[in-house]
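Numbering (my numbering), first residue to last: 14 to 405. Working notes for the structure below.
Here's what the structure looks like:
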């Protein structure tokens with residue numbers, strides 16, 4: 014391992030690997046990525062990896078659009094295969110959210126996003142197998158879909174290495190040290206690395222790393238259940254990715270025959286500080302997810318359960334990321350994605366790398382996502398938020 018580095022990135026998930034790639038491609042010098050396990054071995058590897066641009070905050074929609082364009086051309090832009098599948102993305106909304114949806118679609122269209130507000134009679138052509146119970150409107154994004162979280166993160170990591178970064182797997186960051194000037198070193202279980210810049214992208218574990226420096230990061234680990242079912246033989250072609258804001262679940266195709274089912278609300282789950290574990294969901298959690306799927310896709314009561322697993326969101330109080338510099342000179346964060354991390358990762362890597370190399374004035378988006386907003390009582394709030402769950 015290098016004894017010195019110009020920038021140390023802690024965390025080999027989608028955010029950390031993307032940051033390392035962007036730093037290396039911009040010529041940041043000696044870039045070292047530390048990952049205690051394997052690339053995409055934590056929350057990233059458990060991600061449902063939905064790629065969509067529908068957000069209730071324009072800054073997030075803009076970031077998501079830039080990110081989706083990277084996923085669409087991943088082999089050319091990054092290298093490797095992110096497994097992007099364009100299925101379309103359909104948001105189902107109840108009566109209370111129709112006005113907000115119209116405002117959000119108008120904002121997205123101004124940004125150049127292909128987005129359309131539809132009434133129930135209009136989107137039956139898109140997915141006629143859906144039950145429309147409780148649905149007053151829908152938003153349709155034809156260009157969105159899903160990707161492979163492991164493949165994409167491996168692509169970032171390989172690209173970072175091609176540009177000269179060192180990836181150290183199986184190396185745990187134990188302590189971030191500082192002196193009067195700011196960050197001074199990272200102590201690992203394999204030795205000390207002197208550095209003046211550290212980006213921490215370690216999910217919930219970030220709290221323990223930065224707290225001794227006097228940096229308190231408000232993160233809560235929420236365990237989410239995911240169930241995968243095999244659709245019945247007569248179902249037909251795969252369905253689009255559906256975000257059901259009425260019943261509170263999403264339904265994402267997995268290949269030609271399977272559907273992945275999860276929850277749309279970031280806080281729907283249980284707080285679990287054992288973030289490294291990946292226990293199976295309870296029978297009750299799986300049953301609740303299956304019930305929602307069958308209610309929205311009538312006739313799927315005989316769909317066969319395949320498997321279930323759980324992932325962890327590192328949730329912030331406003332369910333938006335914490336990005337950029339902190340009060341400790343040289344210490345930067347890329348955490349708190351609250352379920353948005355994978356889909357935003359190409360843009361997050363670019364923004365955070367820009368903040369490290371060009372300073373905090375380099376981008377207004379970093380200021381929006383600064384850690385200090387919580388102490389200032391200025392959490393991020395969308396102009397047209399939805400009443401159920403969160404879409405940013």
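Think of the CB as a built atom: it goes at the ideal place given N, C-alpha and C, for glycine as much as any other residue.
field: Of the listed residues 239, 393, 133, nearest to residue 303 (C-alpha basis)
entry: By one-based count along the chain shown, residue 303 stands at place 290. Ranking 239, 393, 133 by Cα distance to residue 303 puts 239 first.
task: Quick one: using the 10 Å Cβ neighbour count with 16 as the cut-off for buried, is residue 333 buried or exposed?
output: Stepping through the chain shown from its first residue, residue 333 is reached at position 320. When all chains shown are included, residue 333 counts as buried.
query: In this structure, does DSSP put residue 181 in helix, strand or coil?
result: On the chain shown, position 168 is the one that residue 181 refers to. Residue state, collapsed to three classes: strand.
task: Output the distance between the C-alpha atoms of residue 207 and residue 42, rounded to the nearest integer angstrom.
output: Taking the first residue of the chain shown as position 1, residue 207 is located at position 194. Taking the first residue of the chain shown as position 1, residue 42 is located at position 29. Rounded to whole angstroms, residue 207 to residue 42 spans 14 Å at the Cα level.
Residue 58 burial status per 10 Å Cβ neighbour count (16 or more: buried): Within the chain shown, the letter at position 45 stands for residue 58. By the 10 Å Cβ count, residue 58 comes out buried.
message: Assuming residue 461 is part of the alpha helix (DSSP H), what are its boundary residues?
response: This structure does not reach residue 461, given that the chain is present from 14 up to 405, and the question cannot be answered.
- prompt: Leaving out five residues before and five after residue 195 in sequence, what residues of the same chain have Cβ atoms less than 8 Å from its Cβ?
  reply: One-based indexing of the chain shown puts residue 195 at position 182. So the qualifying residues of the chain are 209, 341, 342, 343, 344.
- prompt: Under three-state DSSP, which class holds residue 399?
  reply: Counting from 1 along the chain shown, the entry for residue 399 is found at position 386. Secondary structure at residue 399: coil, using DSSP grouped into helix, strand and coil.
query: Which residues share a DSSP beta bridge with residue 103?
result: Your numbering for residue 103 matches position 90 in the chain shown. DSSP, once it has assigned bridges, lists 153, 255 as partnering residue 103.
field: residue 192: first and last residue of the uninterrupted alpha helix (DSSP H) it sits in
entry: The residue given as residue 192 occupies position 179 in the chain shown. Where residue 192 is concerned, there is no enclosing alpha helix (DSSP H), although the beta strand (DSSP E) it sits in stretches over 186-192.
- request: List the whole-angstrom C-beta distance separating residue 80 from residue 400, where the pair is believed to meet the contact cut-off of C-beta under 8 Å.
  value: By 1-based counting over the chain shown, the position of residue 80 is 67. By 1-based counting over the chain shown, the position of residue 400 is 387. Contact between residue 80 and residue 400 does not hold, since the beta-carbon distance rounds to 26 Å and is not under 8 Å.
- prompt: Got a sec, what are the start and stop residues for the alpha helix (DSSP H) residue 219 sits in?
  reply: Position 206 of the chain shown, counted from the start, is the residue given in the question as residue 219. Where residue 219 is concerned, the enclosing alpha helix (DSSP H) stretches over 219-223.
- prompt: When you compare only the Cα positions, how much space is there between residue 60 and residue 85?
  reply: Taking the first residue of the chain shown as position 1, residue 60 is located at position 47. Taking the first residue of the chain shown as position 1, residue 85 is located at position 72. Taking the straight line joining both Cα atoms gives about 18 Å.
message: By the three-class DSSP mapping on this structure, what secondary structure does residue 205 have?
response: Residue mapping note: residue 205 aligns to position 192 of the chain shown, counting from 1. Here residue 205 sits in strand by DSSP.
message: Pop quiz: residue 35 and residue 363 are said to be a contact at Cβ under 8 Å. What is the actual Cβ separation, rounded to whole angstroms?
response: As a first step, residue 35 must be located in the chain shown, where it is residue number 22. As a first step, residue 363 must be located in the chain shown, where it is residue number 350. Cβ-Cβ separation between residue 35 and residue 363: approximately 5 Å, consistent with a contact (criterion under 8 Å).
task: Could you tell me the boundaries of the alpha helix (DSSP H) in which residue 135 lies?
output: Position 122 of the chain shown, counting from 1, holds the residue named residue 135. Residue 135: member of the alpha helix (DSSP H) spanning 133-136, first to last residue.
query: In the structure shown, what three-state DSSP assignment does residue 41 receive?
result: By 1-based counting over the chain shown, the position of residue 41 is 28. It is coil, neither helix nor strand.
- prompt: If you draw a straight line from the alpha carbon of residue 98 to that of residue 191, how long is it in whole angstroms?
  reply: Here residue 98 corresponds to residue number 85 of the chain shown, with the count starting at 1. Here residue 191 corresponds to residue number 178 of the chain shown, with the count starting at 1. Between residue 98 and residue 191, the C-alpha separation is close to 44 Å.
task: Could you check the C-alpha separation between residue 129 and residue 106 for me, to the nearest Å?
output: Residue numbering aside, residue 129 sits at position 116 when the chain shown is read from its first letter. Residue numbering aside, residue 106 sits at position 93 when the chain shown is read from its first letter. Taking the CA atoms as reference points, residue 129 sits about 13 Å from residue 106.
query: If we count Cβ pairs, one from each stretch, closer than 8 Å, do we get three or more for the region 210-225 versus the region 377-387?
result: Taking 8 Å as the limit for Cβ pairs, the verdict is that the region 377-387 does not touch the region 210-225.
message: Let's see if you can read the secondary structure: which residues bound the beta strand (DSSP E) around residue 317?
response: As a working mapping, residue 317 is identified with position 304 in the chain shown. Residues 317-328.
- prompt: With residue 150 and residue 109 assumed to form a contact (beta carbons below 8 Å), what rounded beta-carbon distance in angstroms separates them?
  reply: Looking up residue 150 in the chain shown gives position 137. Looking up residue 109 in the chain shown gives position 96. Contact flag wrong, Cβ pair sits at about 11 Å.
- prompt: Nearest to residue 203 by alpha carbon, out of 185, 321, 338?
  reply: Along the chain shown, read from residue 1 onward, the residue named residue 203 stands at position 190. Checked all of 185, 321, 338; the closest Cα to residue 203 is 185.
task: Using beta-carbon positions only, say whether residue 232 and residue 329 come within less than 8 Å of one another.
output: The residue given as residue 232 occupies position 219 in the chain shown. The residue given as residue 329 occupies position 316 in the chain shown. Using a Cβ distance threshold of 8 Å, residue 232 and residue 329 count as a contacting pair.
8 Å contact criterion, which residue 321 and residue 293 should meet: CB distance rounded: Taking the first residue of the chain shown as position 1, residue 321 is located at position 308. Taking the first residue of the chain shown as position 1, residue 293 is located at position 280. In this structure residue 321 is in contact with residue 293, their Cβ atoms being roughly 6 Å apart against a cut-off of 8 Å.
- prompt: When DSSP labels each residue in this structure, what does residue 341 get in the three-state scheme?
  reply: What you label residue 341 is simply residue 328 of the chain shown in a count that begins at 1. Note: residue 341 maps to coil in three-state DSSP.
message: Buried or exposed, going by whether 16 or more other CB atoms sit within 10 Å of the CB of residue 258?
response: Locating residue 258 in the chain shown gives position 245, where the first residue counts as 1. Classified as buried, residue 258 has 16 or more neighbouring CB atoms from the shown chains inside 10 Å of its CB.
- prompt: What first and last residue would you give for the alpha helix (DSSP H) that runs through residue 280?
  reply: Sequence index remark: in the chain shown, residue 280 carries index 267 (1-based). In the DSSP annotation of this structure, residue 280 is not part of any alpha helix (DSSP H), being labelled neither H nor E.
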